[in-house]
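Read through the structure below, which is laid out as structure tokens, and then see the notes.
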């Protein structure tokens, strides 16, 4: 191993995975390590791939280690992470030679542990090289098999299988374990799609036009956030699906709009880009998150169109009178299970109890904001999850409780899913290789 651990991608991957398994956010940890390391761009790519790959396949890798080690529960956390990183590279990274994986993994074991750990790691890797990885047995309970095979907690497998069937569930699981696309939203206030595309190509990016959202581009070749065009607010980083709720709102330049659950602010700035004399009121519980929204709004050149308030959306009547807003967006707090590709650890962090609690919170927010909408106004409810409890069920509950609202067809510029049977739009992660999302629209009729 190199003496300078700040340049060793495998060593840094193990350290990062320890922190993530302890509760840290993977994307923040990865960015922190990259910013403070001396890794080359090639090593940054390997480091990022290993960290996300191990998180995506954690249950599968745990299964392998449990079969290969006599007393896996007695292993230190970092030793498990080291074995996961080595097995991940051997199983999923075709271009990385076994020799490099063996050498670096054994050096890390020797550097961080005693000779017994070095021997254990060496023995496990040589066993895999000779005999291959253990077979994942398919029990009578097929849900358990798919949970291990695709590294998705059992309760999620069971819920999706019940709601959408096994074939669709498996397709989703295959999709979420693939790398996420780099998608960006063009800032229409500052630059056209064509001009931004041209400038990004000049910077060395491969650029494709999104087939999912309007004013969206797919980048490859380099990190999107490293572009000077990002720093000057010509674009912002946002998943294609996440752009759709605002694009469905038919915003007019003079609209007065409520963004009831605004953080992290991507949709807030998106709303503001459509406004001329209009204004968006952005609510969030935490001032720190609101500060971030204001920073992004300043970068995008739309800060003057946004007013932020540290307020629980369920208490919106404390600040705003009834029938004041032309449009309302409730991008509600949710389990986030539509983001399992982009935020792979989220699948392990949530429980069915969390889903029940969040569904209740969503319903309370919708009930609270409804009176503040003008008659004839539009309310858009969206989540980044794919479970009925947080989506379809809350739409039915809202309409049952609010006969003065009617559902309206969710429009998209790309005319997505034109033959769907419901007014709302449901995007699964395997549909377009974007985040899973749900969008429903309502109009106040009296």
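In the UniProt record's numbering, the protein residues as written are 1 to 446. A virtual CB, placed ideally from N, CA and C, is assigned to each residue, including glycine.
Residue i, DSSP secondary structure in three states
i: residue 165; result: coil
i: residue 320; result: coil
i: residue 357; result: helix
i: residue 183; result: strand
i: residue 28; result: helix
i: residue 33; result: helix
i: residue 60; result: helix
i: residue 293; result: helix
i: residue 85; result: helix
i: residue 68; result: helix
i: residue 42; result: helix
i: residue 364; result: helix
i: residue 123; result: helix
i: residue 13; result: helix
i: residue 220; result: strand
i: residue 18; result: helix
i: residue 281; result: strand
i: residue 412; result: coil
i: residue 210; result: coil
i: residue 259; result: strand
i: residue 454; result: Past the boundaries of the shown model lies residue 454; the chain is included only from 1 to 446, so the question cannot be answered.
i: residue 137; result: coil
i: residue 441; result: strand
i: residue 376; result: strand
Beta-carbon proximity check, residue i vs residue j, cutoff 9 Å
i: residue 407; j: residue 331; result: no
i: residue 125; j: residue 79; result: no
i: residue 329; j: residue 271; result: yes
i: residue 129; j: residue 98; result: yes
i: residue 75; j: residue 14; result: no
i: residue 56; j: residue 171; result: no
i: residue 282; j: residue 308; result: yes
i: residue 372; j: residue 317; result: yes
i: residue 213; j: residue 243; result: yes
Other residues of its chain near residue i: CB distance less than 6 Å, five sequence neighbours each side excluded
i: residue 191; result: 234
i: residue 157; result: 143, 146 and 147
i: residue 405; result: 442 and 444
i: residue 238; result: 185 and 266
i: residue 163; result: 388
Same chain, Cβ closer than 7 Å to residue i, five either side skipped, listed in chain order
i: residue 427; result: 241, 434, 436 and 437
i: residue 314; result: 364, 365 and 368
i: residue 326; result: 255, 256, 257, 374 and 377
Cβ neighbours of residue i in the same chain (closer than 8 Å, five flanking residues each side left out)
i: residue 19; result: 29
i: residue 460; result: One cannot answer for residue 460 here, as it falls past the ends of the chain, which runs 1 to 446.
i: residue 391; result: 383, 385, 424, 426, 438 and 440
Residue i at chain C interface by Cβ criterion, 9 Å
i: residue 274; result: The structure shown has no chain C; it contains just one protein chain.
The ligand PLP heavy atom lying under 8 Å from the CB of residue i
i: residue 324; result: In terms of ligand content, the structure shown is empty, and the ligand PLP therefore cannot be addressed.
Check whether the segment 60-68 and the segment 33-52 are in contact - that is, three or more C-beta pairs closer than 8 Å.
Judged by Cβ distances under 8 Å, the segment 60-68 makes no contact with the segment 33-52, as fewer than three pairs qualify.
Between the segment 350-368 and the segment 407-416, can you find at least three pairs of beta-carbon atoms closer than 8 Å?
no
Below 8 Å, how does it come out for the segment 396-406 and the segment 125-140: are there three or more Cβ pairs, yes or no?
no
So, does the segment 427-445 touch the segment 370-382, judging by three or more C-beta pairs under 8 Å?
yes
Just checking, does the segment 294-301 make contact with the segment 345-354 on the three C-beta pairs under 8 Å criterion?
Verdict: no, contact absent.
Below 8 Å, can you find three or more Cβ-Cβ pairs linking the segment 99-106 to the segment 40-59?
no
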